[in-house]
Amino acid sequence: MALIEAQKLTKVYSLGDVDVRALDGISTVIEKGEFVAIMGQSGSGKSTFMNVLGCLDTPTDGQYLLDGVDTRHLSRDELAEIRNKKLGFVFQGFNLLSRTSAVENVELPLLYDGSPARERRERARAALKSVGLEGREDHHPNQLSGGQQQRVAIARALVNDAPIILADEPTGNLDTKTSIGIMELFVRLNKESNITVILVTHESDIAAFSKRIIRFSDGHIVSDEAVKKI
Amino acid sequence: MINIPSTFKISFRALRVNKMRSALTMLGIIIGVGAVIAMVAVGTGASRQIEAQISSMGSNLLIILPGATTSGGVRMGAGTQPTLSMGDAEAILKECPAVADVAPIHNGVGQVVYGHMNWSTGIVGTTPGVINVREWEFTAGRAFTQQDVKSATKVALLGQTVVDNLFGEQNPVGQSIRIKNVPFTVIGVLAKKGQSAQGQDQDDTILIPVTTAQKKLFGTQFPGMVRIIMVKAKSADNLASAEKQINELLRQRHHIGQKQDSDFTVRNLTQIMQAAEQSTKVMTMLLGAIASVSLLVGGIGIMNIMLVSVTERTREIGIRMAIGAKTWDIRLQFIIEALTLSLIGGIMGIIIGVSTSVILSNLSGWPTIVSPVSILLAFGFSGFIGIFFGFYPAYKASLLNPIDALRYE
Chain Z
1 MALIEAQKLT KVYSLGDVDV RALDGISTVI EKGEFVAIMG QSGSGKSTFM NVLGCLDTPT
61 DGQYLLDGVD TRHLSRDELA EIRNKKLGFV FQGFNLLSRT SAVENVELPL LYDGSPARER
121 RERARAALKS VGLEGREDHH PNQLSGGQQQ RVAIARALVN DAPIILADEP TGNLDTKTSI
181 GIMELFVRLN KESNITVILV THESDIAAFS KRIIRFSDGH IVSDEAVKKI
Chain U
1001 MINIPSTFKI SFRALRVNKM RSALTMLGII IGVGAVIAMV AVGTGASRQI EAQISSMGSN
1061 LLIILPGATT SGGVRMGAGT QPTLSMGDAE AILKECPAVA DVAPIHNGVG QVVYGHMNWS
1121 TGIVGTTPGV INVREWEFTA GRAFTQQDVK SATKVALLGQ TVVDNLFGEQ NPVGQSIRIK
1181 NVPFTVIGVL AKKGQSAQGQ DQDDTILIPV TTAQKKLFGT QFPGMVRIIM VKAKSADNLA
1241 SAEKQINELL RQRHHIGQKQ DSDFTVRNLT QIMQAAEQST KVMTMLLGAI ASVSLLVGGI
1301 GIMNIMLVSV TERTREIGIR MAIGAKTWDI RLQFIIEALT LSLIGGIMGI IIGVSTSVIL
1361 SNLSGWPTIV SPVSILLAFG FSGFIGIFFG FYPAYKASLL NPIDALRYE
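Protein chains in written order, with our numbering: chain Z, 1 to 230; chain U, 1001 to 1409.
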């Protein structure tokens, strides 16, 4: 059984009289342990696809099986539970809570699954350590660099032992050197912890860190190929 | 599963971030709760004072005053003509079923001497019925008896003020005093009643048998006549029927024709006092209601700030939803925030309300009573306001679409 199975996913937005088909019959399968980069122009539907994969958005038509579970008829709270247990998000703008320390930001997902306070703190510290931020636990986001903030966000995605990390342009706000650091972290997590990483990017040198590249255009998949390592 | 302690922590942090705003929002609740408590304390104090006066006067009390003399067409006012007799008093007790007890009163003022001390006070000649009618208690000794009345014994019951002025710390029971140079034996001391509704010192009095007063002290042109008759009805419900029965009986005894005016007046003091008490209670409720309006306004203030807070933190809500916060996690976060605001405001309001009451009663001398019930009520009500006015913003927050919330700038 595949970890992620999309069958003829369609998403239609109505903008007044015009219907925009952001996704137009997307079918693909992603296995556990893959490292997939999704590429495409802006407006190609890649972000919409990520939102559907992340259970943040529901498709207009088609079927999305996550770990064998059909997500179509799940309630808001059931989707929230899936996001909490199976998915970790990394955003372009980091999306950390300001005025909240690094370790408390990382703790957040555990807060919503009812873990006791001490366990939350321990696991959050361990996650921060694994992304190389030991000693920065009590720093607030505005005291951290962009790369460090993104590492906090990655630690937050890791803390619940979610099998999938969804990263939407994770290096979009970072300089090249920092970007490479972040991508190497993803590669390491994918290799060492067998975490499935799916990332959206429009930069080919970022996509080159992945093992498989899916290209989107106008809501269709135009190519899907493995990356040849040099 | 919802994690309440952590949710509280999140709420406290959010409130601490905007200290000024939180404080101003709380101010509405503080003023509201404080006003309710202080106003209700003033009202309760006033009605409690009236209640105390009613019970010191003796409950269910009727007073019968004699009629007016008419000399040469000039009417002289109630009490100028002695029309009430001891016989009237006895007949009222015997024949009016709604009456519990009577006390005919023949009184005057006299100089009282004990040893080298002397004092001028009101001397009330009456019957043992007065103890029941005026609801006197004793701190020492006993009341005089019907036998004392019959044989015009020279015995006296002293009010506390008289005891203080003549005896100081000494026990007066058994001592001999002279009233207008007539020697009396003190057989009892009356318990303190305090001021009457009219501001008179009710303890500045001496009770003696009515016959003694008539024969030995004041004399009278009209033997067997008394100044007034006090009547105690069997219960508050019986007051009106007692009044009616007394009117009928006395008109008949005094041979008053159908079209003639009565030569006496029955006054229902208790009723008058109860009307005053009732109006004080209405005033209390009115004050409380007006103060509640400010509490309501405070609640709306909380709702306003919570709505602003939800809008400001749309992105935070989106992040929380994305990483697994469920509908009630989000709702509780904002409800608890509103609840925290209103409860802290409520506690501070209670402190301010109680101290305002204390200051008011010290400055103006108004009696104020802060009842625990009003504190509990104010606290519960402010909690309710927090939940009530916090719910809509919380509900709004929980319905946000996670993607839209995440994209919100």
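A virtual CB, placed ideally from N, CA and C, is assigned to each residue, including glycine.
Contact between the stretch 1285 to 1292 of chain U and the stretch 1047 to 1061 of chain U is not established, with fewer than three Cβ pairs separated by less than 8 Å. In the DSSP assignment, threonine 10(Z) is bridged to Asp24(Z), Asp61(Z). In the DSSP annotation of this structure, the continuous segment of the beta strand (DSSP E) that includes tyrosine 1114(U) starts and ends at 1099 to 1114.
With respect to the 8 Å criterion, isoleucine 1037(U) and serine 1374(U) are classified as neighbours on the basis of their beta carbons. Using a CB distance below 9 Å, no part of the stretch 1339 to 1360 of chain U faces chain Z. Under the three-state reduction of DSSP output, glutamine 1170(U) falls in the coil class, being neither helix nor strand. Taking 8 Å as the threshold, the shortest C-beta distance from valine 1308(U) to chain Z does not fall below it. Under the DSSP assignment, leucine 1296(U) falls outside any beta strand (DSSP E), being part of the alpha helix (DSSP H) whose first and last residues are 1269 to 1312.
Nearest CB-CB separation between methionine 1020(U) and chain Z: not below the 8 Å threshold. In chain order, Thr1280, Met1283, Thr1284, Trp1366, Pro1367 place their CB closer than 8 Å to the CB of alanine 1046(U), counting only its own chain and leaving out the 5 sequence neighbours on each side. A contact is defined here as three or more CB-CB pairs under 8 Å, and the stretch 1197 to 1214 of chain U meets this definition with respect to the stretch 1103 to 1117 of chain U.
For leucine 66(Z), there are no neighbours in chain U by C-beta distance under 7 Å, as the nearest C-beta there is about 14 Å away. Using a CB distance cut-off of 8 Å, leucine 1015(U) does not count as an interface residue toward chain Z.
Taking 8 Å as the upper bound for CB-CB distance, asparagine 173(Z) and glycine 146(Z) are in contact here, some 6 Å apart.
By the neighbour-count criterion, in which 16 or more other beta carbons inside 10 Å mark a residue as buried, glutamate 107(Z) falls on the buried side. Of all alpha-carbon atoms in Pro1128(U), His1255(U), Lys1216(U), the one lying nearest the alpha-carbon of arginine 1178(U) is that of Lys1216(U). DSSP places glutamate 225(Z) within a strand segment (E or B) once states are collapsed to three.
With 16 or more other Cβ atoms from the protein chains shown falling within 10 Å of its own Cβ, glutamine 150(Z) counts as buried. Residue state for isoleucine 198(Z) is assigned as strand, using DSSP reduced to three classes. Against chain U, the CB of asparagine 142(Z) has no partner CB under 8 Å away; the residue lies outside that interface. Contact of lysine 1396(U) with chain Z by beta-carbon distance below 9 Å is absent, the smallest such distance being about 15 Å.
For leucine 15(Z), not one C-beta of chain U is nearer than 8 Å to its own C-beta.
Rounded to whole angstroms, the separation of the alpha carbons of alanine 1322(U) and arginine 215(Z) is 25 Å. With a threshold of 8 Å between beta carbons, proline 109(Z) makes contact with chain U.
In this structure, DSSP gives tryptophan 1328(U) a helical state, which the three-state scheme calls helix. DSSP, reduced to helix, strand and coil, places glycine 16(Z) outside both helices and strands of the structure shown, so it counts as coil. Taking the CA atoms as reference points, valine 1155(U) sits about 11 Å from valine 1210(U). The C-beta distance from lysine 228(Z) to glutamate 34(Z) rounds to 16 Å, too long to meet the 8 Å contact threshold. Excluding five sequence positions before and after methionine 1348(U), the CB atoms of its chain that fall closer than 6 Å to its own CB belong to Ile1030, given in chain order. With respect to chain Z, the C-beta atom of isoleucine 1323(U) has a partner C-beta closer than 8 Å. Residues of the stretch 34 to 62 of chain Z that bring their beta carbon within less than 7 Å of a beta carbon in chain U comprise Asn51, Leu56, Asp57, in sequence order. The C-beta of arginine 1320(U) comes closer than 8 Å to at least one C-beta of chain Z. The DSSP-derived three-state label of arginine 1227(U) is coil.
Residues of chain U whose Cβ lies closer than 8 Å to the Cβ of arginine 156(Z) are, in chain order, Ile1323. In the three-state reduction of the DSSP assignment, alanine 162(Z) falls in the coil class. In this structure, serine 1022(U) sits near leucine 1341(U), with a CB-CB distance shorter than 8 Å.
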